[in-house]
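This report refers to the structure that appears directly beneath it.
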Amino acid sequence: MKFTILRAASLAVVLAALFVSCDVERITDLLGPRYRFTVSDRALQKELDTALSIISSGSLKKSGYYPLQRMLAARRISSILIADGQKAQAARFLTSLADEHDAYEPWYLFSAAGVYESMGGAPIARIFYERIIETLPDSSVDGVSIHRICLARLLAGGLPPEKKVTWYREFIRRFPDAEETGPYHFLLAKEYEKLGQWVAAIEEYRRFLSYFGVSVPGYPDAFAQARKIVEFNDSPKDWTYRDLNELVAGIRKAIMARSASSLRKYMSKAGFFAMSWYKEGAEEANSSVLFNFSNFMTRGPIQVASALDPQINENEAFLRTSGWTGYIPVWYLCFRRIYFPADPRIHGNWEWAGIYFGEKLQ
26 MKFTILRAAS LAVVLAALFV SCDVERITDL LGPRYRFTVS DRALQKELDT
76 ALSIISSGSL KKSGYYPLQR MLAARRISSI LIADGQKAQA ARFLTSLADE
126 HDAYEPWYLF SAAGVYESMG GAPIARIFYE RIIETLPDSS VDGVSIHRIC
176 LARLLAGGLP PEKKVTWYRE FIRRFPDAEE TGPYHFLLAK EYEKLGQWVA
226 AIEEYRRFLS YFGVSVPGYP DAFAQARKIV EFNDSPKDWT YRDLNELVAG
276 IRKAIMARSA SSLRKYMSKA GFFAMSWYKE GAEEANSSVL FNFSNFMTRG
326 PIQVASALDP QINENEAFLR TSGWTGYIPV WYLCFRRIYF PADPRIHGNW
376 EWAGIYFGEK LQ
């Protein structure tokens, strides 16, 4: 017992002397490195120990190159730990390095977040991504902005609409030339819709239309959707009817009178289509083209079914007609209920949305 007390006292004296002299490297040598990791591969263990010695080197800390050397060593250490199946260790290690708040703090947190995400820890990763964006200056990894990557990853996750609106707007403001910006205008509009902010949603759809040809994941007909909404918003909407039977009766009367001009008045002015049942893919809106009915009314009388097709549902209905001039004399007129919550007076009305050529598919 006496020997142990004397050893402890001697150690205390030595430590005090070391602190007085500020010899950091000798303290490290005495107490050992801050981090100790072991891996299964002996060659990698040697490489790991070398990298750890860089981080723990007291003499290197006095140089101006230490932050960079520390980051490079940390990158190698974390990659070795991950390869050895020690992801949690790697994530904690990287997070601890960020606590020293040097110039590479964004990289440490970003890398730790990526490790947590790969482990299924998306909520933890999200906290790190938000911390980087909100509190740390931007930097780059492999030539790409860390803030840009963090924003993209946040937006790919399951955030509430309010948060997504914030991050979409931040991304668009800061990275207007990024390839994601076009699709993000469309996706931002969708989030505004969820919040009932229809004026803002329509404005984002309008901005998206300037990115012709870009694709939006999950929305193969995004451009047609956006165009129809914008056209509908900008139109007088005087072709819509609360009562479907009233709309059908008016069209039936115009056909019987062979009045092409009257038929045109009933057409939707936002995305009216004319296509075959057999056409694959999304409908091609022809709203910018004047559909001249008179060219298709040069034969005998045009027959109109006495009732709507029996497959009518609450949002779509069809009316069979025949006797039109051309290779396909049978047309099905398509009626659809309007989805436009931005205007409660119009939302839920019916419109003549387009034409399908030929007999209906069974």
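First residue of the sequence shown: 26, per my numbering; consecutive thereafter.
By construction, the Cβ of each residue, glycine as well, lies at the ideal position given by its N, Cα and C atoms.
Buried/exposed call for residue i, threshold 16 Cβ in 10 Å
i: G106; result: At residue 106 the sequence reads Leu, which differs from the Gly that was named. Burial call: buried.
i: V273; result: buried
i: H210; result: buried
i: Y3; result: In the structure as shown, the chain begins at 26 and stops at 387. Residue 3 is therefore absent and cannot be evaluated.
i: H172; result: buried
i: Y141; result: buried
i: A68; result: exposed
i: F237; result: exposed
i: G351; result: exposed
i: S82; result: buried
i: A33; result: For A33, the predicted model reports a pLDDT of 41, less than 50, meaning its position is unreliable and no value from the coordinates is stated.
i: G139; result: buried
i: N258; result: buried
i: L55; result: Because the pLDDT at L55 is just 33, under 50, the model does not fix this residue reliably, and the value given afterwards should be weighed accordingly. Its Cβ having fewer than 16 others within 10 Å, L55 is exposed.
i: K215; result: buried
i: E271; result: exposed
Proximity below 8 Å, CB of residue i to CB of residue j
i: P208; j: V239; result: yes
i: W302; j: K385; result: yes
i: I327; j: G296; result: no
i: F360; j: A378; result: yes
i: F17; j: M292; result: Because the chain spans 26 through 387 in this model, residue 17 falls outside it and cannot be assessed.
i: Y217; j: E229; result: yes
i: F62; j: Q94; result: no
i: G373; j: V355; result: no
i: D109; j: S78; result: no
i: L234; j: A342; result: no
Coarse secondary structure for residue i, derived from DSSP in three states
i: L213; result: helix
i: A88; result: Residue identity check: residue 88 is Ser in the sequence provided, not Ala. Correct three-state label for S88: coil.
i: V169; result: strand
i: R61; result: coil
i: M292; result: strand
i: T323; result: coil
i: N311; result: Low confidence applies here, because N311 scores a pLDDT of 46, under 50, leaving its location unreliable and the question unanswered by this model.
i: L344; result: strand
i: S104; result: helix
i: L386; result: coil
i: Y381; result: strand
i: Y266; result: strand
i: R362; result: strand
i: F298; result: strand
i: Q111; result: coil
i: I371; result: coil
i: Q222; result: coil
i: Q336; result: coil
i: S284; result: coil
Paired residues, beta bridge with residue i - DSSP
i: E376; result: R361
i: Y244; result: V241
i: V329; result: T346
i: W356; result: T346, F382
contact_flag[the stretch 115 to 134, the stretch 150 to 163] where n(CB pairs < 8 Å) is 3 or more: yes
Does the contact criterion of 3 or more C-beta pairs under 8 Å hold for the stretch 281 to 288 versus the stretch 249 to 259? no
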